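So the sequence lines, in the order shown, correspond to chains P and R. Position in the first sequence (from 1) plus 659 gives the number in our numbering. Position in the second sequence (from 1) plus 659 gives the number in our numbering. Virtual Cβ for every residue (Gly too), placed ideally from N, Cα, C. The model shown is predicted, which means the values in this text are computed figures rather than measured ones. First comes the structure, then the notes that go with it.
There are 2 protein chains.
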Amino acid sequence: MRRTKEESELTRTAILDAAERIFCEQGYAVATIDGVSRAAGVTRGAFYWHFKDKADLLGALYARSLLPQEQILTTAAEMCSDPLRSLLDAGVASLREFEVDEGKQRMFRIMSDLTIGCEGRANLARIDAELDALILRVMTRAEDEGMLHDDFSAADAAVFVSVTIGGLLHQWLRSGKTFPLAARGETLLRRHVAMLRGTDRDPPRAGPATEPA
Amino acid sequence: MRRTKEESELTRTAILDAAERIFCEQGYAVATIDGVSRAAGVTRGAFYWHFKDKADLLGALYARSLLPQEQILTTAAEMCSDPLRSLLDAGVASLREFEVDEGKQRMFRIMSDLTIGCEGRANLARIDAELDALILRVMTRAEDEGMLHDDFSAADAAVFVSVTIGGLLHQWLRSGKTFPLAARGETLLRRHVAMLRGTDRDPPRAGPATEPA
DNA sequence: TTATATACAGACACTCATGGATGTAAACCG
DNA sequence: CGGTTTACATCCATGAGTGTCTGTATATAA
Chain P
660 MRRTKEESEL TRTAILDAAE RIFCEQGYAV ATIDGVSRAA GVTRGAFYWH
710 FKDKADLLGA LYARSLLPQE QILTTAAEMC SDPLRSLLDA GVASLREFEV
760 DEGKQRMFRI MSDLTIGCEG RANLARIDAE LDALILRVMT RAEDEGMLHD
810 DFSAADAAVF VSVTIGGLLH QWLRSGKTFP LAARGETLLR RHVAMLRGTD
860 RDPPRAGPAT EPA
Chain R
660 MRRTKEESEL TRTAILDAAE RIFCEQGYAV ATIDGVSRAA GVTRGAFYWH
710 FKDKADLLGA LYARSLLPQE QILTTAAEMC SDPLRSLLDA GVASLREFEV
760 DEGKQRMFRI MSDLTIGCEG RANLARIDAE LDALILRVMT RAEDEGMLHD
810 DFSAADAAVF VSVTIGGLLH QWLRSGKTFP LAARGETLLR RHVAMLRGTD
860 RDPPRAGPAT EPA
């Protein structure tokens with residue numbers, strides 16, 4: 660039965676793909692190794708060859724994906740002169756990708772539904788905290804540069820944006836994708852930023868980001 | 660060992676209280692009946708006397724609580740002449756109660772973390788859908804009465820509010836309650852409503868709701 | 001060609017949770 | 001005061017899932 664290395668890698672990704680679906684449908688805690696293996700068309704023998712246990716599988720699954728929060732983190736890291744603008748663009752871009760990438764959506768669901776005791780949950784908590792920290796840094800910088808309306812502290816503004824992005828992702832999935840995520844998200848975030856700036860309308864159009872059409 | 664009826668009811672609520680904590684800490688799927696029973700200071704015998712199985716326990720837990728979404732539903736049902744105002748007040752009021760009621764928070768966590776296959780999850784999906792429907796009705800009515808800014812359709816506005824409320828609840832818990840929920844939520848929702856109205860500031864101060872200080 | 005490592009399949013023992021059965025002491029009722 | 005029901009505690013049989021171990025066929029290296 661010995662398969663070649665390419666075939667072996669094929670079954671490994673088959674297990675990962677199956678796990679992504681099963682974990683998303685049933686939840687990580689409920690899903691069983693045997694169920695994942697069967698869904699991948701192999702036996703538990705193959706599974707235990709490629710992975711140590713279920714937690715190891717989840718780790719591999721997490722390693723091969725890039726959650727929208729992480730994407731915002733990496734994209735917005737390269738700040739241009741307008742920090743609010745950078746954050747806005749990064750957020751909208753990640754919403755766009757999230758909307759069309761079902762694998763990303765499944766991983767987001769899986770990570771969001773992890774039970775507290777689960778070790779893998781620490782990853783999500785970490786990137787969420789990092790995102791919040793980034794948003795706060797952006798707002799602090801905006802505040803320092805006088806780009807923030809007097810009505811809002813940096814902490815206020817950070818919470819508003821964090822809540823909006825998190826709410827968009829969660830409500831979109833929970834509602835069964837009943838609204839266009841990127842479109843509504845973009846107008847909502849633009850309005851938000853405009854509100855935080857104190858101007859009535861959008862920020863200056865310049866910038867290296869994707870065209871809002 | 661036979662206890663009186665009052666004592667029996669006491670152990671029943673003890674089991675419910677323990678389950679609320681255990682389910683919240685470990686997740687419903689991972690939690691075990693024996694663990695809940697031990698946490699309640701009784702054996703599984705007592706549990707199976709009061710409840711049919713774990714799902715029955717969850718049902719009883721759900722029955723004795725009122726999630727913030729349901730509270731908004733009931734509170735906002737009695738609309739005054741200004742539907743946006745009613746919705747805003749109902750939302751803020753439910754945020755206020757949620758912020759101080761740890762039991763409510765635990766139940767929200769439990770229900771939110773239910774795996775898809777779980778039967779009890781339908782309850783949450785139902786009230787979420789009802790809340791979205793209510794918000795949409797409010798926005799439609801506001802639109803009909805010309806209280807909505809031309810930039811937004813009723814559907815747009817509904818999504819914005821739904822995302823904001825959902826985002827507030829989720830992000831507040833997920834962040835470890837790092838910001839004052841009701842305070843930030845109120846300013847955020849007020850700004851939102853003002854934005855949807857097209858006015859720059861708050862709606863007229865009149866109304867039977869709680870004083871915003 | 002032979003030896004060895006690889007990539008699994010299948011069997012086994014173990015744990016753990018479940019649900020039902022049984023035991024039982026106290027409360028309630030006549 | 002005796003019988004019955006209640007409110008549990010304890011025990012037992014069952015099943016499901018896990019992890020390990022062994023078997024084995026094949027690719028690969030010598």
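Would you check whether the ligand MN has a heavy atom nearer than 7 Å to the C-beta of residue i?
i              : result
H829 (chain P) : Ligands in the displayed structure: none, and consequently the ligand MN is not present.
Report the residue from the options whose alpha carbon sits nearest the alpha carbon of residue i.
i              : options                        : result
T823 (chain R) : P:H808, P:A853, P:L847, P:E665 : P:L847
A801 (chain R) : R:A816, R:L790, R:L828         : R:A816
I775 (chain P) : R:L840, R:R856, R:I681, R:A673 : R:I681
A853 (chain R) : R:S667, R:L743, R:F710         : R:L743
Q764 (chain R) : R:R703, R:I692, R:S724         : R:S724
A793 (chain R) : R:L732, R:A842, R:L675, R:V695 : In the sequence on display, residue 793 (chain R) carries Leu and not Ala. Out of R:L732, R:A842, R:L675, R:V695, R:L732 has the C-alpha closest to the C-alpha of L793 (chain R).
V935 (chain P) : R:V818, R:W708, R:T702, R:R833 : Only positions 660 to 872 of chain P appear in this structure, which leaves residue 935 (chain P) out of reach.
S821 (chain P) : P:H851, P:A714, P:K711, P:D712 : P:H851
V797 (chain P) : P:R697, P:G750, P:F706         : P:G750
A735 (chain R) : R:K836, R:T837, R:R856, R:D791 : R:D791
D712 (chain R) : R:V695, R:G700, R:L726         : R:V695
A788 (chain P) : R:R849, R:T837, R:E845, R:D693 : R:T837
L828 (chain R) : R:M770, R:S812, R:D676, R:A678 : R:M770
M878 (chain P) : P:Y687, P:R671, P:I692         : The requested residue 878 (chain P) does not occur in the structure, where chain P is confined to residues 660 to 872.
I692 (chain R) : R:A678, R:E684, R:C683         : R:A678
R843 (chain R) : P:Q730, P:S812, P:L675         : P:S812
L948 (chain R) : R:A699, R:L795, R:A752, R:T858 : Given a span of 660 to 872 for chain R in the structure shown, any question on residue 948 (chain R) remains unanswerable.
I786 (chain R) : R:H709, R:A699, R:Q730         : R:Q730
G826 (chain R) : R:A814, R:Q728, R:E737         : R:Q728
A673 (chain R) : R:E684, R:C739, R:T702, R:E845 : R:T702
G700 (chain R) : R:R671, R:E684, R:F710         : R:R671
W831 (chain P) : P:R768, P:A714, P:R849, P:L795 : P:R768
L795 (chain R) : R:A814, R:L783, R:A784         : R:A814
D873 (chain R) : R:G857, R:S740, R:A690         : Only positions 660 to 872 of chain R appear in the structure, and residue 873 (chain R) is not among them; the question remains open.
E761 (chain R) : R:L855, R:R856, R:E684, R:R662 : R:E684
L855 (chain R) : R:L783, R:A784, R:L746, R:G835 : R:L746
W708 (chain P) : P:E845, P:R662, P:G835, P:E737 : P:R662
T799 (chain P) : P:D741, P:A722, P:R849         : P:D741
A835 (chain P) : R:A784, R:G704, R:C739         : Note that residue 835 (chain P) corresponds to Gly in the displayed sequence, not to Ala. Taking only the C-alpha atoms, the option nearest G835 (chain P) is R:A784.
Give me the chain P residues within the contact set of residue i, using Cβ-Cβ distance strictly less than 8 Å, ordered along the chain.
i              : result
H829 (chain R) : G825, G826, H829
D772 (chain R) : D772, T774
L717 (chain R) : Simply none; closest approach about 14 Å.
L732 (chain R) : Within chain P, no residue comes near L732 (chain R); the closest Cβ sits about 16 Å away, beyond 8 Å.
For a contact defined as C-beta to C-beta under 7 Å, what are the partners of residue i on chain R?
i              : result
R833 (chain P) : D787
V689 (chain P) : A688, T774, G776
R843 (chain P) : D815, V818
L720 (chain P) : None at all; the shortest Cβ gap to chain R is about 17 Å.
Against residue i, what residues of chain R qualify as contacts under a CB-to-CB distance less than 9 Å, listed in chain order?
i              : result
D791 (chain P) : Q830, S834, T837
L669 (chain P) : Simply none; closest approach about 28 Å.
L675 (chain P) : Per Cβ cutoff of 9 Å: no residues; L675 (chain P) is ~20 Å from chain R at best.
Under 8 Å between beta-carbons, which chain R residues line up against residue i? List them in chain order, please.
i              : result
M854 (chain P) : R850, M854
V820 (chain P) : Those do not exist, as V820 (chain P) stays about 10 Å from chain R at its closest Cβ, beyond 8 Å.
Starting from the beta carbon of residue i, find every residue of chain P whose beta carbon is closer than 7 Å, and list them in chain order.
i              : result
Q685 (chain R) : T774, I775, G776
L726 (chain R) : Those do not exist, as L726 (chain R) stays about 14 Å from chain P at its closest Cβ, beyond 7 Å.
Examine the Cβ distances between the stretch 802-810 of chain R and the stretch 804-811 of chain P and report whether three or more of them are shorter than 8 Å. Under the Cβ criterion (8 Å, minimum of three pairs), the stretch 802-810 of chain R does not count as touching the stretch 804-811 of chain P.
For the stretch 665-711 of chain R, which segments carrying the alpha helix (DSSP H) assignment without a break, of at least 4 residues, lie completely within its bounds, in sequence order? Segments of the alpha helix (DSSP H) lying fully in the stretch 665-711 of chain R: 692-698, 703-709.
Starting from the N-terminal side, write out each stretch of the alpha helix (DSSP H) that is 4 residues or longer and does not extend beyond the stretch 765-827 of chain R. 780-803
Listed in chain order, which residues of the stretch 790-816 of chain R have Cβ atoms closer than 9 Å to some Cβ of chain P? D791, D810, F811, A814, D815
Do the stretch 714-724 of chain R and the stretch 777-788 of chain R make contact, defined as three or more Cβ pairs closer than 8 Å? The stretch 714-724 of chain R vs the stretch 777-788 of chain R: in contact.
Evaluate the contact criterion for the stretch 660-669 of chain P versus the stretch 753-760 of chain R: three or more CB pairs, one atom per stretch, below 8 Å. no
Selection of the stretch 743-774 of chain R by Cβ proximity to chain P, strictly under 7 Å: D772, T774
Just to confirm the assignment: which complete beta strand (DSSP E) runs, minimum length 3, are found wholly within the stretch 712-773 of chain P? List check, beta strand (DSSP E) in window: nothing returned.
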